[in-house]
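Working notes, structure below.
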Amino acid sequence: MHSKNKPKEPAVPMDRKETVRQMIISCLRDKTLSAKELSGEVRVSEKEVYEHLGHIQISINKGGQTLDITPAECRKCGFVFHKREKLKKPGKCPICRSESIEQPLFGISQSK
Ligand SMILES: [Zn+2]
0 MHSKNKPKEP AVPMDRKETV RQMIISCLRD KTLSAKELSG EVRVSEKEVY
50 EHLGHIQISI NKGGQTLDIT PAECRKCGFV FHKREKLKKP GKCPICRSES
100 IEQPLFGISQ SK
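For the sequence shown, position 4 (counting from the first letter as 1) is numbered 3 according to numbering that gives the first Met the number 0, and the numbering increases by one without interruption.
As structure tokens, then:
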């Protein structure tokens with residue numbers, strides 16, 4: 000026993016992370032959802048959803064699919080956060096300083 004040096008187990012097993020990602024991917028194939036809605040569907044925190052989405056964005060590109068992002072929008076003045084590179088929803092509007100921001104929405108589609 001213990002003759003081989005086994006690598007340390009990660010704190011969160013990889014297969015669980017993979018399962019969550021697969022669940023998110025299958026949700027987003029059917030419908031467009033916000034991170035908050037996704038967190039309810041797959042039962043992880045919103046923060047985790049954003050982390051997974053970052054990975055999903057890269058991994059599905061290899062399979063010829065695209066993560067479609069509907070940008071966040073200010074509910075007050077209608078400013079659209081087009082250039083935002085981070086997936087996470089912005090804290091406040093740079094134009095009117097309103098903190099009432101419509102969440103970005105995510106979906107998956109087949110790229111051409
Ligand atoms: Zn605004």
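Cβ atoms here follow ideal geometry from the backbone N, Cα and C, with glycine treated the same way.
Rounded to whole angstroms, what's the CA-CA distance from residue i to residue j? Just pull it up for me.
i      : j      : result
Arg96  : Leu104 : 21 Å
His81  : Gln64  : 21 Å
Ser38  : Lys46  : 9 Å
Cys26  : Ser108 : 12 Å
Ile55  : Cys76  : 31 Å
Gln102 : Lys30  : 15 Å
Leu32  : Ile94  : 26 Å
Arg28  : Ser44  : 20 Å
Taking C-alpha atoms, which residue in the options lies nearest to residue i?
i      : options                        : result
Arg74  : Cys92, Glu45 and Thr31         : Cys92
Phe78  : Val43, Glu98 and Glu40         : Glu98
Arg42  : Thr31, Lys16 and Ser58         : Lys16
Ser110 : Asp29, Ile59 and Leu32         : Ile59
Pro70  : Glu36, Gly62, Ile57 and Lys88  : Lys88
Lys85  : Ala34, Lys61 and Ile94         : Ala34
Gly106 : Gly90, Leu66, Ile100 and Glu40 : Leu66
Would you give the residue range spanned by the beta strand (DSSP E) that residue i belongs to?
i      : result
Ile68  : Gln64 to Thr69
Gly106 : Leu104 to Gln109
According to DSSP, what are the bridge partners of residue i?
i      : result
Glu101 : Glu72
How is the alpha helix (DSSP H) around residue i delimited, first residue to last?
i     : result
His54 : Glu45 to Lys61
Leu37 : Ala34 to Val41
Give a yes or no on contact between the segment 46 to 62 and the segment 11 to 26, applying the rule of three or more CB pairs nearer than 8 Å.
yes
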